[in-house]
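Position 199 of the sequence shown, counting from 1, maps to 204 under the working numbering, and the rest follow consecutively. All residues carry an ideal CB built from backbone N, CA and C; glycine is no exception.
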Amino acid sequence: MTQPNILLIMADQLRYDCIGYSRMAPVSTPNIDTLAVEGLWFSSAYSHIPVCGPARQSLVCGQRPETFGGLWNHSIALKVGALEPEAYSWARSLQEAGYRNSYVGKWDVHPICDPTQYGYDEYINSDRIYKDWIAEHYPELVYRNGYYGEVDPAPLEHTRSHRTADMAGELLCKLAASPGPWHLRVNFQEPHLPCRPTAEYADRYPPDQIQPWGSFADTFEGKPYIQKQQLLNWNVQDYQWSDWAPIVARYYAIISQLDDAVGRLLRQLDATGRGTIRWSSSQPITAICAADTG
Numbered sequence: 006m007t008q009p010n011i012l013l014i015m016a017d018q019l020r021y022d023c024i025g026y027s028r029m030a031p032v033s034t035p036n037i038d039t040l041a042v043e044g045l046w047f048s049s050a051y052s053h054i055p056v057c058g059p060a061r062q063s064l065v066c067g068q069r070p071e072t073f074g075g076l077w078n079h080s081i082a083l084k085v086g087a088l089e090p091e092a093y094s095w096a097r098s099l100q101e102a103g104y105r106n107s108y109v110g111k112w113d114v115h116p117i118c119d120p121t122q123y124g125y126d127e128y129i130n131s132d133r134i135y136k137d138w139i140a141e142h143y144p145e146l147v148y149r150n151g152y153y154g155e156v157d158p159a160p161l162e163h164t165r166s167h168r169t170a171d172m173a174g175e176l177l178c179k180l181a182a183s184p185g186p187w188h189l190r191v192n193f194q195e196p197h198l199p200c201r202p203t204a205e206y207a208d209r210y211p212p213d214q215i216q217p218w219g220s221f222a223d224t225f226e227g228k229p230y231i232q233k234q235q236l237l238n239w240n241v242q243d244y245q246w247s248d249w250a251p252i253v254a255r256y257y258a259i260i261s262q263l264d265d266a267v268g269r270l271l272r273q274l275d276a277t278g279r280g281t282i283r284w285s286s287s288q289p290i291t292a293i294c295a296a297d298t299g
């Protein structure tokens with residue numbers, strides 16, 4: 006097949022060492038591990054600007070974000086440049102090659118322009134849809150722990166991770182039934198802070214069993230000032246591991262919950278009968294998983 010269909014799955018703020026396949030943290034991610042086993046695992050890949058907006062802008066156009074002024078998120082601090090619709094977009098190249106392109110989830114590339122102005126035929130803003138949906142169905146739901154996260158009282162089926170997977174799955178079925186090749190990009194918010202796993206996943210990672218990260222005792226001596234400054238910015242410079250362990254436990258838990266949502270989407274892909282999940286030019290489907298470190 007010369008024009009394989011493409012499913013691009015993107016996570017947000019997912020550490021490379023917090024995937025089961027890395028064997029570096031006690032996190033269970035069997036579905037993402039399958040993609041690694043049957044595909045490619047990059048052991049020396051780096052984000053040149055590991056901040057959400059610039060990283061996503063770079064993924065759209067293939068250029069380093071500082072070339073067009075994308076130095077940090079456009080929604081914070083000083084005004085900053087953004088990737089404009091007139092710039093090159095590889096999605097537009099796919100479009101010109103006959104692909105139908107669809108986009109689900111977090112965008113954060115431009116403050117005004119959405120994916121349909123960068124080569125995508127349709128865009129589902131699942132985050133906005135989910136906020137409206139959760140406000141309607143759980144009007145009394147209030148999160149109280151800010152960016153440090155907490156257990157989500159909503160059932161798994163009603164969480165953002167799984168509602169996003171469901172919306173993407175519905176669109177996947179429509180694409181699979183349409184003629185011609187397609188590209189679907191699915192952008193999960195998880196495991197970006199605040200981490201709010203359901204109790205089902207939070208219970209898998211008791212905080213008192215979470216071991217300190219290898220870099221926890223780092224003094225930052227000889228390193229760029231900004232690394233230590235981040236602790237001061239968040240006022241967490243005096244945190245002990247006992248303070249961090251519950252936050253890390255929730256982070257592990259939401260990663261496993263995300264993995265379950267990814268598995269749901271991959272099973273939906275299998276159900277279309279359009280191919281198996283492998284990285285191979287001989288298969289009708291290419292599934293890719295990427296992470297935004299910002």
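Residue nearest to residue i in terms of C-alpha spacing, selected from the options
| i | options | result |
| --- | --- | --- |
| N150 | C200, Y143, A173 | C200 |
| V32 | R255, L270, G278 | R255 |
| E101 | A173, A182, W187 | W187 |
| Q216 | T169, I252, I139 | I252 |
| A222 | W239, L64, W246 | W246 |
| N10 | S107, R168, F73, L40 | S107 |
| K111 | L271, G227, Q8, T169 | T169 |
| A266 | T203, N238, D113, S63 | T203 |
| E205 | C178, L177, L180, A258 | A258 |
Cβ-Cβ distance between residue i and residue j below 7 Å
| i | j | result |
| --- | --- | --- |
| F225 | A16 | no |
| A159 | P212 | no |
| P196 | I117 | no |
| I54 | D264 | no |
| L189 | L19 | no |
| R165 | Y135 | yes |
| A207 | V156 | yes |
| C66 | Y104 | no |
| Q273 | G174 | yes |
| L88 | Q122 | no |
| Y143 | A96 | no |
| I24 | T39 | no |
Residues bridged to residue i [DSSP beta-bridge criterion]
| i | result |
| --- | --- |
| N106 | H188 |
| T203 | D157 |
In chain order, which alpha helix (DSSP H) runs of at least 4 residues are fully inside the segment 19–70?
-> 35–43, 57–66
Pick out the complete beta strand (DSSP E) segments inside the segment 115–199, 3 residues or longer, and give them in chain order.
-> 127–129, 187–192
If you pair each beta-carbon of the segment 264–279 with each one of the segment 47–61, do three or more pairs fall below 8 Å?
-> no
Three or more C-beta pairs closer than 8 Å, one from the segment 54–69 and one from the segment 226–243: is that the case here?
-> no
Contained alpha helix (DSSP H) runs [length at least 4] in the segment 206–262, N- to C-terminal order | 230–239
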